[in-house]
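Undergrad:
There are 2 protein chains.
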Amino acid sequence: MNKKMSLDDQLEHVKHRVSEQIAENMKSYGYPATIGRVIAAIYYAGRALDLDELAEHTGMSKTRMSQVLREMTSYNIAEKEFVKGSRKDHYTVEEDYYQTFITLFTANWREVTIRNKKIEQKIMEELMEIYEDEEATPEIKAEAENLMEDSKASIRYFEWIERIVELFDSQDIFKYVPKDPLDEDKKAYRFKN
Amino acid sequence: MNKKMSLDDQLEHVKHRVSEQIAENMKSYGYPATIGRVIAAIYYAGRALDLDELAEHTGMSKTRMSQVLREMTSYNIAEKEFVKGSRKDHYTVEEDYYQTFITLFTANWREVTIRNKKIEQKIMEELMEIYEDEEATPEIKAEAENLMEDSKASIRYFEWIERIVELFDSQDIFKYVPKDPLDEDKKAYRFKN
DNA sequence: AAGTTTGTACAATTTAAAGTGTATATCGGA
DNA sequence: TCCGATATACACTTTAAATTGTACAAACTT
Numbered sequence: 001m002n003k004k005m006s007l008d009d010q011l012e013h014v015k016h017r018v019s020e021q022i023a024e025n026m027k028s029y030g031y032p033a034t035i036g037r038v039i040a041a042i043y044y045a046g047r048a049l050d051l052d053e054l055a056e057h058t059g060m061s062k063t064r065m066s067q068v069l070r071e072m073t074s075y076n077i078a079e080k081e082f083v084k085g086s087r088k089d090h091y092t093v094e095e096d097y098y099q100t101f102i103t104l105f106t107a108n109w110r111e112v113t114i115r116n117k118k119i120e121q122k123i124m125e126e127l128m129e130i131y132e133d134e135e136a137t138p139e140i141k142a143e144a145e146n147l148m149e150d151s152k153a154s155i156r157y158f159e160w161i162e163r164i165v166e167l168f169d170s171q172d173i174f175k176y177v178p179k180d181p182l183d184e185d186k187k188a189y190r191f192k193n
Numbered sequence: 001m002n003k004k005m006s007l008d009d010q011l012e013h014v015k016h017r018v019s020e021q022i023a024e025n026m027k028s029y030g031y032p033a034t035i036g037r038v039i040a041a042i043y044y045a046g047r048a049l050d051l052d053e054l055a056e057h058t059g060m061s062k063t064r065m066s067q068v069l070r071e072m073t074s075y076n077i078a079e080k081e082f083v084k085g086s087r088k089d090h091y092t093v094e095e096d097y098y099q100t101f102i103t104l105f106t107a108n109w110r111e112v113t114i115r116n117k118k119i120e121q122k123i124m125e126e127l128m129e130i131y132e133d134e135e136a137t138p139e140i141k142a143e144a145e146n147l148m149e150d151s152k153a154s155i156r157y158f159e160w161i162e163r164i165v166e167l168f169d170s171q172d173i174f175k176y177v178p179k180d181p182l183d184e185d186k187k188a189y190r191f192k193n
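Chain order of the listed sequences is A and B. Residue numbering for the first sequence is 1 to 193, as defined by full-length UniProt numbering. Residue numbering for the second sequence is 1 to 193, as defined by full-length UniProt numbering.
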């Protein structure tokens with residue numbers, strides 16, 4: 001049955017597999033799979049696509065395309081591109097894997113740190129009130145103090161996450177984990193082969 | 001209404017908030033929220049808990065506890081602890097935030113790299129067959145070559161992810177992004193205050 | 001101004017994930 | 001060997017996320 005497939009169809013099949021693979025990876029990143037399909041469609045088209053073309057390529061509704069592209073532009077992994085003589089919105093995508101990884105990774109974690117720092121602040125205030133309440137027994141005060149220590153430790157942890165985010169966002173990560181294997185490694189590799 | 005709450009209840013309320021916060025964070029990590037509630041319950045109990053106690057603390061079914069604890073032990077963020085004279089399984093959890101982050105983060109990404117490298121290998125084989133097919137036109141061959149280049153680039157990217165995972169797993173990340181702010185920063189901070 | 005084209009709001013549907021309850025296999029003690 | 005206690009398999013229900021279709025508003029054309 002596969003034998004009957006034309007070579008063109010086989011190439012299409014490979015592209016489809018890659019597309020699904022990227023889609024699956026998006027799920028692992030914590031984002032909708034459809035984002036991956038959109039990236040693949042635009043990449044293989046080799047040009048900016050409009051919503052109708054994307055719906056066509058992904059086999060999904062135009063509504064969904066609208067939703068997903070909005071999400072993607074909000075994360076800066078897609079952007080509108082002006083196309084002469086067309087009223088439609090055309091979209092291009094970030095094609096650098098590494099940058100896409102960094103962008104999505106940092107967007108997610110920034111959200112986490114912001115949310116948590118807010119909550120920790122509220123918790124701290126709440127604990128302070130309890131601690132300073134005139135009816136607070138020594139036991140109550142001790143417990144409140146424990147929880148405040150926890151909260152402080154938690155804040156330090158989220159500040160660490162913030163610095164991790166900064167490490168990626170600034171591209172400094174490539175200093176410590178380069179895209180290409182080190183030259184020494186390359187040499188060693190060559191000798192072995 | 002809040003005014004009527006006893007101080008003890010207020011402390012409980014704070015703990016509950018923290019528990020929900022951790023639960024929410026687990027979702028952001030890409031894991032079930034319940035994992036966070038389990039971590040909080042055991043942490044606040046200050047000792048290993050059994051499935052019934054966990055169901056009690058989280059307000060969930062024992063079945064769910066069984067499922068979640070299995071998942072947690074598989075990720076090495078929970079483990080069984082022997083408790084004298086009890087037939088029940090008691091569980092403790094990793095209490096170091098940083099370690100939990102690293103463990104979950106690396107588990108997720110390791111899975112991703114393994115999955116992708118497998119797929120890329122298959123794709124490479126498929127493309128090779130197409131390329132070497134006697135009926136392949138120059139256009140077909142050129143396209144297959146392009147896709148092979150893509151695949152190679154993709155593999156290099158996942159190897160980079162693997163090295164990122166290794167950076168965290170080996171704890172080397174703390175060399176570049178220390179838990180505690182640097183001494184210089186500390187000093188600067190002191191002077192400002 | 002009337003008629004098109006386009007994108008998206010909104011409610012409804014589908015699909016996938018989380019969680020439950022009953023039934024059962026396994027184990028340790030009498 | 002039987003009994004009670006425990007964890008989990010499995011099928012079912014609930015909840016949340018992804019996706020669609022219809023309707024409409026804004027912008028563009030004539």
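The C-beta atom is built at its ideal place from N, Cα and C for all residues, glycine as well.
Give, in chain order, every residue of the region 95 to 116 of chain A whose Cβ lies closer than 7 Å to some Cβ of chain B.
TA: Listed by position along the chain: Y97, Y98, N108, V112, N116.
Undergrad: Out of B:F105, B:L54, B:K84, state which residue places its alpha-carbon closest to the alpha-carbon of N76 (chain B).
TA: If we check each option's Cα against that of N76 (chain B), B:F105 comes out closest.
Undergrad: Based on the DSSP output, what are the partners of D50 (chain B) in its beta bridges?
TA: According to DSSP, D50 (chain B) bridges with B:H90.
Undergrad: Among A:F174, A:E162, A:A23, which residue has its Cα nearest to the Cα of G167 (chain B)?
TA: Position check: residue 167 (chain B) holds Leu in this sequence, whereas Gly was assumed. Per the Cα distances, A:F174.
Undergrad: By Cβ distance below 7 Å, which residues in the same chain neighbour P32 (chain B) in space, the five residues on each side in sequence not counted?
TA: Cβ within range, chain order: M26, V68.
Undergrad: Mind listing which residues of the region 21 to 45 of chain B have their C-beta closer than 8 Å to chain A's C-betas, in chain order?
TA: Per Cβ criterion, the list reads Q21, E24, N25, S28, G30.
Undergrad: Would a check of beta-carbon distances place R163 (chain B) closer than 8 Å to chain A?
TA: Taking Cβ atoms only, chain A reaches closer than 8 Å to R163 (chain B), which makes this a yes.
Undergrad: Starting from E134 (chain B), follow the alpha helix (DSSP H) in both directions and report where the run begins and ends.
TA: Segment: none, E134 (chain B) is in no alpha helix (DSSP H) and carries neither H nor E.
Undergrad: At the level of alpha carbons, what is the spacing between K118 (chain B) and Y97 (chain A)?
TA: If you take the alpha carbons of K118 (chain B) and Y97 (chain A), they lie about 18 Å apart.
Undergrad: With which residues is residue 196 (chain A) paired in a DSSP beta bridge?
TA: As displayed, chain A neither begins before 1 nor continues past 193, which places residue 196 (chain A) out of reach and without an answer.
Undergrad: Apart from the five residues on each side of it in sequence, which residues of its chain come closer than 7 Å, Cβ to Cβ, to I108 (chain B)?
TA: Correcting the residue identity first, residue 108 (chain B) is Asn in this sequence and not Ile. G30.
Undergrad: Do you know whose CA, among B:L49, B:D89, B:A144, lies nearest residue 207 (chain A)'s CA?
TA: Residue coverage of chain A in this structure runs from 1 to 193, which leaves residue 207 (chain A) outside it and unanswerable.
Undergrad: In chain A, what lies closer than 8 Å to E143 (chain B) by C-beta?
TA: Here the neighbours are L11.
Undergrad: Taking the C-alpha atoms as reference points, what is the distance between T34 (chain B) and K84 (chain A)?
TA: Rounded to whole angstroms, T34 (chain B) to K84 (chain A) spans 52 Å at the Cα level.
Undergrad: Would you verify that the beta carbon of Y75 (chain B) is, or is not, closer than 8 Å to some beta carbon of chain A?
TA: It does not; no Cβ of chain A falls within 8 Å.
Undergrad: Pull up the distance between the alpha-carbon of E95 (chain A) and that of M128 (chain B), whole angstroms please.
TA: Straight-line Cα distance between these residues: approximately 25 Å.
Undergrad: What distance in whole Å lies between the Cβ atoms of L51 (chain A) and K88 (chain A), which are believed to be in contact at a cut-off of 8 Å?
TA: Contact holds; Cβ gap of about 7 Å.
Undergrad: Kindly examine the ligand NAP and report whether one of its heavy atoms sits closer than 7 Å to the Cβ of Y97 (chain A).
TA: Absence of the ligand NAP from the depicted structure is noted, as is the absence of any ligand whatsoever, leaving it without description.
Undergrad: I need the boundaries of the alpha helix (DSSP H) containing D169 (chain A), first residue and last residue.
TA: It spans 138 to 169 - the alpha helix (DSSP H) in which D169 (chain A) sits, taken as one unbroken run.
Undergrad: Look at the Cβ atom of V112 (chain B), then the Cβ atom of S19 (chain A), and state whether they are nearer than 8 Å.
TA: Result no, Cβ atoms of V112 (chain B) and S19 (chain A) do not sit closer than 8 Å.
Undergrad: Do you know how far the Cα of L147 (chain A) is from the Cα of Y116 (chain B)?
TA: Looking at the sequence itself, residue 116 (chain B) is Asn, so the reference to Tyr does not match. Rounded to whole angstroms, N116 (chain B) to L147 (chain A) spans 43 Å at the Cα level.
Undergrad: Quick one: is M5 (chain A) buried, meaning 16 or more other Cβ sit within 10 Å of its Cβ, or exposed?
TA: It is exposed - the Cβ of M5 (chain A) has fewer than 16 other Cβ atoms within 10 Å.
Undergrad: How would you list, in chain order, the residues of chain A whose beta-carbon sits under 8 Å from the beta-carbon of I140 (chain B)?
TA: Chain A residues near I140 (chain B): L7, D8, L11.
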